[in-house]
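S.K.: Residue numbers for the sequence shown follow this note's numbering, so the first one is 1220 and each next one is one higher.
Cβ atoms here follow ideal geometry from the backbone N, Cα and C, with glycine treated the same way.
Quantities reported herein were computed from a predicted structural model and do not represent experimental measurements.
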Amino acid sequence: MEKFVIKGGIPLKGSVEISGAKNAALPIVASCLLIEKPVLLKRIPKGNDIFTMLKVLNTLGCKSSWDKENLILDASNITSTEAPYDLVKKMRASYYVLGPLTARFNTAKVSLPGGCALGQRPVDLHIKGLRALGAKVEFKHGYVSCKAKRLKGERVNLKGAHGSSVGATINVMMAASISDGITIIEEAAMEPEIVDVANFLNKCGANINGMGTPIIKIKGKKKLHGTEYSIIPDRIEAGTFIIASVITKGNVTVKKCQPEHLKTLINLLKEHGVDIHKGKDYVSISPLKNTKPLSIQAGPYPSFSTDLQPPMVSLLSVTPGNSTVVETIFDNRFMYVPELTRLGADIKLIDRYTAIIKGVKQLSGAPVMASDIQGSTALILAGLIAKGETHIARIYHTDRRYVQIEKKLTKLGARIERVTDPHAP
Ligand code: EPZ
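1. Okay, do the region 1613 to 1628 and the region 1470 to 1483 touch, 3+ Cβ pairs below 8 Å being the bar?
2. Only counting the same chain, and skipping five residues up and downstream in sequence, which positions put a Cβ closer than 6 Å to that of K1226?
3. Is the separation between the beta-carbon of C1365 and that of T1321 shorter than 8 Å?
4. Any heavy atom of ligand 1 within a distance shorter than 7 Å of the CB on F1180?
5. Give the secondary structure of H1186 by DSSP, where H, G and I count as helix, E and B as strand, and everything else as coil.
6. Given a cut-off of 8 Å on the beta-carbon distance, is the pair A1590 and M1554 in contact?
7. Helix, strand or coil for R1634 per DSSP?
8. Which first and last residues belong to the beta strand (DSSP E) in which N1242 is found?
9. Go to E1558, then tell me how far its alpha helix (DSSP H) extends in each direction, as first and last residue.
10. Taking the alpha helix (DSSP H) that K1355 belongs to, which residues open and close that run?
11. Touching or not, the region 1273 to 1283 and the region 1343 to 1356, by the rule of three or more beta carbon pairs under 8 Å?
12. Residues bridged to G1233 by DSSP?
13. Quick one: is L1245 buried, meaning 16 or more other Cβ sit within 10 Å of its Cβ, or exposed?
14. Evaluate contact between the region 1431 to 1438 and the region 1448 to 1460, counting only Cβ atoms and requiring at least three cross-stretch pairs below 8 Å.
15. Is DSSP giving E1410 helix, strand or coil here?
16. Starting from P1257 and walking both ways along the beta strand (DSSP E), at which residues does that stretch end?
17. Roughly how many angstroms separate the alpha carbons of Y1362 and A1394, rounded to a whole number?
18. Here's a check: name, in chain order, each residue in its chain whose Cβ is nearer than 6 Å to the Cβ of L1600, leaving out the five neighbours to either side.
19. Where do the N-terminal and C-terminal ends of the beta strand (DSSP E) with D1591 fall, by residue?
20. Can you name the residues that DSSP bridges to L1279?
21. Apart from the five residues just before and just after S1524, which ones in its own chain have a Cβ nearer than 8 Å to its Cβ?
22. Which whole-angstrom value describes the C-beta separation of K1274 and T1300, a residue pair presumed to lie in contact below a C-beta threshold of 8 Å?
23. Looking at A1407: is its Cβ nearer than 8 Å to the Cβ of L1377?
24. In the structure shown, what three-state DSSP assignment does A1312 receive?
25. Note down, in chain order, each residue of its chain lying with its Cβ closer than 6 Å to the Cβ of S1295, except the 5 sequence neighbours on either side.
26. Helix or strand or just coil, what does DSSP make of G1386?
27. Suppose contacts are defined by Cβ-Cβ distances below 8 Å. Is P1341 in contact with R1311 by that definition?
28. Can you tell me which of H1345, P1319, L1306, L1290 puts its alpha carbon nearest to the alpha carbon of G1379?
29. What does DSSP give as the partner residue(s) for K1442 in the beta ladder?
30. Among the residues of its own chain, which have a CB less than 8 Å from the CB of L1562, if the five just before and after it don't count?
31. Taking only heavy atoms of ligand 1 into account, decide whether any of them is closer than 7 Å to the Cβ of H1480.
32. Should G1602 be counted as a contact of ligand 1 given a C-beta to heavy atom distance under 7 Å?
33. Determine the DSSP secondary structure at H1616, reduced to helix, strand or coil.
34. Can you give me the Cβ contacts of L1253 inside the same chain, cut-off strictly under 7 Å, excluding the 5 residues immediately before and after it?
Structure, rendered in structure tokens:
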């Protein structure tokens, strides 16, 4: 198994370019199932989740090829409408094929994704949306089957107990884009990735309005056509590198990002005491001097992102004073905290949703294990400032989003290596 070995203590310096957004690329790739003509996608991040999504699409008969950094997808000859357990269990986002397959072929069978490291993560809102559009949905043998004569526009509210659902908003929006009539999604999620999927579909001939607001209106079309499209930058990768610069007291310019999508993080870091400059597509961070503890609540966009909560907790773990971080989306998002405390952080979990962090002077390197994608970045950032060596196992979580994160960090001066360790868990 591979692991990261990090020798902490180097302030990061220089510039780093951000890749395309994983969470926009995944549904955009899945939505190509709606389209009978080839599509060319630019700036697709080559993290492992994208390769899992491509395997799902290939299983369905969709052809894919790379032309340098561009991905060409051709779903003109779909041979199956069933996404099997072996692939869906690897990545929940495989569930994104359900809406497009039902819309274009009137039938789809997709394995239920089950729980994951972050908590329960049900799919009831996806199903509620597809049922509202007229799909008959059945659950049998661990699979969900959708059947419809032709999807019909309807009004549907996609708010759940933990806020509006990103995945359900996207799945229903994709399905409604080829249907009869008008669909209104109420209490839609507003994440930039949803706007990107809608912009892509509109470029293919869909008629979607209101994306990025709580009410999305989709006028169904008969067919969509092929196009070329470039994915937005990954705001979570950008935010992670910004926090990496701050935690190491470094001086990093994060390039090819969209600062507009990082407003809440930037405001919080300013409150923390960080000197940040932003331009149209970059953010520069000056070395940190005096910092203040923070009280943060992670929630749906435009609130502070739950995906940036773990690296932020690493930063607050070395910030003098008491900070509080409240998670509102996932019931198991603090899985990485016990590992962070192995590095010397002083964090008390009051319950599944609240962490009280007492800043310590110094973290110390130790062997730790990653539990999920962003939990792994919390450990990497902690390793960058810990005294001595930190060994991080299970970095296959990191590789799901980040394309060789160690290369980008090494270019900024970090001492981080990917090594193969047959004894690593
Ligand atoms: C997306 O997950 C992202 N994944 C997550 O990023 C991200 O953390 C999350 O949105 C929140 O921003 C992708 O885009 C692939 P939700 P998603 O549906 O769509 C509950 C990463 O590492 N819910 O907005 O699955 C759910 O349990 C990942 O890149 C229902 O109750 O999130 C959660 O509490 C981690 N019923 C809340 O809603 C449903 O049918 C929000 O989940 C669906 C969701």
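M.R.: Short version:
1. Counting Cβ pairs under 8 Å, fewer than three are found: no touch.
2. For this step, residue 1226 is matched to residue 7 along the sequence shown. Around K1226: E1608, R1634.
3. The sequence position of residue 1365 within the sequence shown is 146, counting from 1. The sequence position of residue 1321 within the sequence shown is 102, counting from 1. In contact: C1365 and T1321 (Cβ atoms closer than 8 Å).
4. As displayed, the chain neither begins before 1220 nor continues past 1644, which places residue 1180 out of reach and without an answer.
5. Outside the modelled stretch of the chain, which goes from 1220 to 1644, sits residue 1186, for which no answer is possible.
6. Reading the sequence shown from its first residue, position 371 is the one you call residue 1590. Reading the sequence shown from its first residue, position 335 is the one you call residue 1554. The amino acid occupying residue 1590 in the given sequence is Ser; Ala does not appear at that position. Their beta carbons are under 8 Å apart, which means S1590 touches M1554 by this criterion.
7. Within the sequence shown, residue 1634 is the residue found at index 415, counting from 1. In this structure, R1634 counts as strand in the three-state DSSP scheme.
8. For this step, residue 1242 is matched to residue 23 along the sequence shown. Run containing N1242: none in the beta strand (DSSP E); it sits in the alpha helix (DSSP H), 1241 to 1250.
9. The count along the sequence shown starts at 1 and reaches residue 1558 at position 339. Per DSSP, the continuous alpha helix (DSSP H) segment holding E1558 begins and ends at 1556 to 1561.
10. Within the sequence shown, residue 1355 is the residue found at index 136, counting from 1. In the DSSP annotation of this structure, K1355 is not part of any alpha helix (DSSP H); the continuous beta strand (DSSP E) holding it starts and ends at 1355 to 1359.
11. No, because fewer than three Cβ pairs between the region 1273 to 1283 and the region 1343 to 1356 fall closer than 8 Å, the two stretches do not touch.
12. Within the sequence shown, the letter at position 14 stands for residue 1233. DSSP lists V1471 as partners of G1233.
13. For the purposes of this step, residue 1245 is taken as residue 26 along the sequence shown, with counting starting at 1. Under a 10 Å Cβ-count criterion, L1245 is classified as buried, with 16 or more other Cβ atoms of the shown protein chains found around its own Cβ.
14. Touching, no, given that fewer than three Cβ pairs across the two stretches are closer than 8 Å.
15. In the sequence shown, residue 1410 corresponds to position 191, counting from 1. In the structure shown, E1410 sits in coil (DSSP, three-state: anything other than H, G, I, E or B).
16. As a first step, residue 1257 is located in the sequence shown; it is residue number 38 there, counting from the start. Counting along the chain, P1257 sits inside no beta strand (DSSP E), nor does DSSP assign it H or E at all.
17. Start at 1 with the first residue of the sequence shown, and residue 1362 comes out as number 143. Start at 1 with the first residue of the sequence shown, and residue 1394 comes out as number 175. Between Y1362 and A1394, the C-alpha separation is close to 19 Å.
18. Counting from one through the sequence shown, the residue named residue 1600 turns up at place 381. The answer, listed in chain order, is A1463, I1466, P1530, S1533.
19. As a working mapping, residue 1591 is identified with position 372 in the sequence shown. According to the DSSP assignment, D1591 belongs to no beta strand (DSSP E), since it is labelled neither H nor E.
20. Locating residue 1279 in the sequence shown gives position 60, where the first residue counts as 1. Paired residues: none, contrary to the question.
21. Position 305 of the sequence shown, counting from 1, holds the residue named residue 1524. Excluding five sequence positions before and after S1524, the CB atoms of its chain that fall closer than 8 Å to its own CB belong to R1454, I1455, G1458, T1483, L1484, A1517, given in chain order.
22. Against the sequence shown, residue 1274 aligns to sequence position 55. Against the sequence shown, residue 1300 aligns to sequence position 81. Their Cβ separation, rounded to whole angstroms, is 16 Å, which puts K1274 and T1300 out of contact at 8 Å.
23. In the sequence shown, counting from the first residue as 1, residue 1407 sits at position 188. In the sequence shown, counting from the first residue as 1, residue 1377 sits at position 158. Yes.
24. By one-based count along the sequence shown, residue 1312 stands at place 93. Note: A1312 maps to helix in three-state DSSP.
25. Here residue 1295 refers to the residue found at position 76 of the sequence shown. Here the set comprises E1255.
26. In the sequence shown, counting from the first residue as 1, residue 1386 sits at position 167. It is helical.
27. For the purposes of this step, residue 1341 is taken as residue 122 along the sequence shown, with counting starting at 1. For the purposes of this step, residue 1311 is taken as residue 92 along the sequence shown, with counting starting at 1. Not in contact: P1341 and R1311 (Cβ atoms no closer than 8 Å).
28. Walking along the sequence shown from the start, residue 1379 turns up at place 160. Looking at the Cα atoms, H1345 is the closest of the given residues.
29. Translated into positions along the sequence shown, residue 1442 becomes position 223. None; K1442 has no bridge partner.
30. As a first step, residue 1562 must be located in the sequence shown, where it is residue number 343. Around L1562: L1582, S1583, G1584, A1585, V1587, L1598, A1601, G1602, A1605, T1609.
31. Reading the sequence shown from its first residue, position 261 is the one you call residue 1480. Because no heavy atom of ligand 1 lies under 7 Å away, the Cβ of H1480 does not count as near it: no.
32. The residue labelled residue 1602 in the question sits at position 383 within the sequence shown. Outside the cutoff, so no.
33. Walking along the sequence shown from the start, residue 1616 turns up at place 397. Coil.
34. Walking along the sequence shown from the start, residue 1253 turns up at place 34. Excluding sequence neighbours, L1253 sits near P1319, A1322, R1323, M1393, S1396, I1397, L1443.
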